[in-house]
Amino acid sequence: MVCVQKMTTLAFSLHDGRVKKEEELTPLQKREAIKRVPGLIPYLSYIFHFQSILTGPLSFYTDYINLTNGTHIPTDAKGKTPDPTSSATTKLVKAFFFMLIIALVEPIFPVSMLDRTDLNPVAWVVLFWFCFMLQRVTYYFAWYFADGIYNLSGFGFSGFDENTGETKWELATNVFAWKVESAQSLKETLDAWNVGTMGWLRRIAFDRVPKKFRTLSTYVLSAWWHGIFMGYYLTFLGGAVMTLGGKGFRRSFRWRFLSSPSLKFFYDIVTFIGTK
């Protein structure tokens, strides 16, 4: 699945660099546009490089080539480059923390418990959401682990924090777990979940179709990318409806709750529960 993402983004980058006019491109498309067709070895290296071959996340060809050329990370006046050790260690610690949850907690609350008939409706709903959260933890583990590997290899530098001046290593980050768990809308959830795939969908679908078809076409492509099972299409088409509905709800009602902190807090609680 990640290989499909790499091949299609590379194809569109070549299209942007060789076919489209520069004034027709967005700033992001200009940065990732490619004018020369890669050779066989660079192409295979990009598709199958070890950092992402198992779980991803997607890296873009221009960023990967900058890594192999040694220009991905800038050097200061003394010739030093930002050190990824701290960022990588933090992400690997998070990964092992989530791995412990999987190993210790998930066996106590397996999904099969949802088949129990002796639970009252409230207890079943609580158990359902708890099991649902545990399923997300497996993704947190895999994605933080992959992100840490990326950083240890020197890939992932994304600039400096505007406030603190500290280095940021989020170019290969695929999830922001706290943002997912605390999101107050489906959009906020998706912005922090499977970030690489969201970037891929934006580049090859959302930014390239007429505005009125953007949301629907993006969800349809996501369903198709996942597979041919009907459940995928029901899920993602439902997600499109929820996204459009959420935008309309926020636009129509949010401003009514901004007049006081208490109303804003109430709105945040309702939208948080609704998102979950």
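For our numbering, count along the sequence shown from 1 and bump the result up by 5. Where a beta carbon is used, it is the ideal one built from N, C-alpha and C, also for glycine.
8 Å Cβ cutoff met for residue i and residue j
i      : j      : result
ILE70  : PRO47  : yes
TRP174 : PHE165 : no
LEU206 : LEU226 : yes
LEU63  : VAL7   : yes
LYS40  : GLU27  : no
ASP2   : THR67  : For the chain, the structure presents residues 6 to 281; residue 2 sits outside this window and is missing.
THR276 : GLN140 : no
ILE107 : THR60  : no
GLU111 : PHE65  : no
PRO79  : LEU157 : no
ALA197 : LYS217 : no
PHE258 : LYS269 : no
THR202 : GLN56  : no
PHE114 : PHE135 : yes
Cβ shell of residue i (< 7 Å), same chain only, five flanking positions each side left out
i      : result
MET104 : PHE146
THR248 : LEU191, LYS192, THR220
THR178 : ASP152, VAL200
ILE233 : none
ARG23  : LYS40
VAL42  : LEU19
Per-residue burial, residue i [other beta carbons within 10 Å of its own, 16 or more giving buried]
i      : result
THR14  : buried
LEU72  : buried
ALA16  : exposed
ASN74  : exposed
ASP120 : exposed
ALA210 : buried
LEU109 : exposed
ILE274 : exposed
ILE154 : buried
THR223 : buried
ARG208 : buried
GLY170 : exposed
TRP260 : exposed
CB-CB length for residue i against residue j, believed under 8 Å
i      : j      : result
ALA100 : PHE150 : 4 Å
GLY159 : HIS54  : No, GLY159 and HIS54 are not in contact; Cβ-Cβ is about 12 Å, not under 8 Å.
ALA228 : TYR238 : 5 Å
THR122 : THR194 : About 32 Å; that fails the 8 Å criterion.
Same chain, Cβ closer than 8 Å to residue i, five either side skipped, listed in chain order
i      : result
ILE58  : VAL7
LEU132 : PHE114, MET118, LEU119, LEU124
Spatial neighbours of residue i in its chain, beta-carbon cut-off 6 Å, leaving aside the 5 residues before and after
i      : result
GLY49  : For clarity, residue 49 is Leu in the given sequence; the question names Gly instead. Answer for LEU49: no residue qualifies.
LEU97  : GLY153
LEU19  : ILE39
SER92  : ASN156, TRP174
ILE285 : Outside the shown range of the chain (6 to 281) lies residue 285, about which nothing can therefore be said.
ASP21  : LEU30, GLN34, ALA38
TYR272 : PHE262
Where are the alpha helix (DSSP H) runs, 4 residues long or more, that stay fully inside the region 58–114, in chain order?
-> Those alpha helix (DSSP H) runs which fall completely within the region 58–114 and span 4+ residues are 66–74, 90–109.
Every unbroken alpha helix (DSSP H) within the region 217–263, with a cutoff of 4 residues, ordered by chain = 219–231, 235–258
Which runs of the alpha helix (DSSP H) spanning at least 4 residues fall entirely within the region 144–185, listed in chain order?
-> none
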